């Protein structure tokens with residue numbers, strides 16, 4: 001989920017914790033748990049700072065080790081130790097319990113996004129992504145905000161947020177059913193589909209579609225049960241050529257390939273250089289595919305420039321790369 005949603009989740013968990021008699025018995029315990037829940041709801045995303053290095057490092061590591069099983073066990077200890085410096089009289093056991101709940105829920109809700117997490121590490125490096133909830137879901141965010149407002153105006157926080165989370169659980173079930181309905185309709189449209197990616201959008205009834213069949217890639221949208229296919233691409237295996245082999249060693253290309261499950265590729269051969277481009281098919285926007293990886297190689301197959309990330313115009317891409325022109 002996005003940062004704002006994780007913040008309101010932290011506040012909600014702090015309010016929910018008042019159902020714990022030990023937390024509710026003193027202001028020190030309730031305040032320390034609230035602070036710990038807010039921090040715990042944010043700390044797995046500390047790897048966002050990797051973006052300051054470059055997109056390749058960020059893609060390879062975001063929601064990776066910081067969302068792993070060892071991290072889920074470690075972060076509550078770190079949060080508890082930190083918060084206890086400011087609240088030395090707080091009950092350490094219950095401070096840790098609610099820190100753990102906050103961290104666990106952060107990682108748990110992230111697996112329902114299309115991006116997903118490597119939540120099974122170190123046992124598996126596979127990305128777990130159910131794709132039923134958008135990274136920012138206005139309904140989930142609004143429910144949290146409503147609960148916080150009710151708390152401010154005097155509603156009992158424990159039962160308020162307990163009721164809120166029951167509603168959100170039902171909402172998750174509804175989204176799962178909606179996604180299954182889209183999948184069923186899609187299989188009637190493309191019966192030979194081998195792999196189907198159905199990703200949520202900001203719109204409640206609209207989903208992004210990326211489908212792989214034996215011979216083709218399809219890109220489209222679903223609105224309720226209605227399927228619209230925008231693009232169809234012939235599925236051509238990536239050649240095992242010297243140019244591709246050299247390009248695959250570049251950090252931006254390898255990061256893209258580790259992240260993207262469905263993509264097209266292009267090879268451009270020019271007088272002074274080669275250009276290899278990979279295009280993620282999951283994020284079509286206004287007829288454009290903005291998430292790409294590109295590498296330029298000289299005639300000796302040495303990397304001149306490369307980039308991976310979101311680009312909405314060729315001009316901006318050229319500026320990012322400072323690519324050699326013919």
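Numbering (my numbering), first residue to last: 1 to 326. For each residue, glycine too, the CB sits at the ideal point set by N, CA and C. Fair warning: this is a prediction, and the values are worked out from it, not measured in the lab.
Reference residue 40, options 47, 98, 299, 244, closest by Cα: Of the listed residues, the one whose Cα sits closest to residue 40 is 98.
Same chain, Cβ closer than 6 Å to residue 195, neighbours up to 5 away in sequence not counted: 212
Pair within 8 Å by beta-carbon distance, residue 268 and residue 198: no
Secondary structure of residue 229, DSSP reduced to three states: Residue state, collapsed to three classes: strand.
Runs of alpha helix (DSSP H) lying entirely within the stretch 53–137, each at least 4 residues, in chain order: 55–61, 69–84, 92–110
7 Å Cβ shell around residue 8 - same chain, five flanking residues per side excluded: Counting only Cβ-Cβ distances below 7 Å, and skipping sequence neighbours, we find 141, 144, 145, 148.
Exposed unless 16 or more other CB atoms sit within 10 angstroms - verdict on residue 288: exposed
Same chain, Cβ closer than 6 Å to residue 185, neighbours up to 5 away in sequence not counted: 225, 227
Contact check, residue 105 vs residue 13, beta carbons under 8 Å: yes
Of the residues 208, 272, 125, 42, the one placed nearest residue 61, counting alpha carbons only: Looking from the CA of residue 61, the closest CA among 208, 272, 125, 42 belongs to 125.
Test item: CB-CB of residue 253 and residue 275 under 8 Å: no
Bridge-paired residues (DSSP) for residue 278: According to DSSP, which records beta bridges pairwise, residue 278 is partnered with 265, 293.
N-terminal and C-terminal residue of the beta strand (DSSP E) that residue 313 is part of: Note, residue 313: premise wrong, no beta strand (DSSP E); not H, not E.
Exposure label - residue 166; buried when at least 16 CB within 10 Å: exposed
Stretch-stretch touch, CB-based, cutoff 8 Å, three pairs: the stretch 27–35 with the stretch 86–98: yes
Which of helix, strand or coil DSSP assigns to residue 304: strand
Bounding residues of the beta strand (DSSP E) (the contiguous stretch that carries residue 200): 193–200
Reduced DSSP category for residue 298 - H, G, I as helix; E, B as strand; rest coil: strand
Whole-angstrom distance between residue 67 and residue 42, CA atom to CA atom: 11 Å
Cβ-Cβ distance between residue 158 and residue 15 below 8 Å: yes
Contact between the stretch 241–261 and the stretch 296–304 (3+ Cβ pairs under 8 Å): yes
Reduced DSSP category for residue 30 - H, G, I as helix; E, B as strand; rest coil: helix
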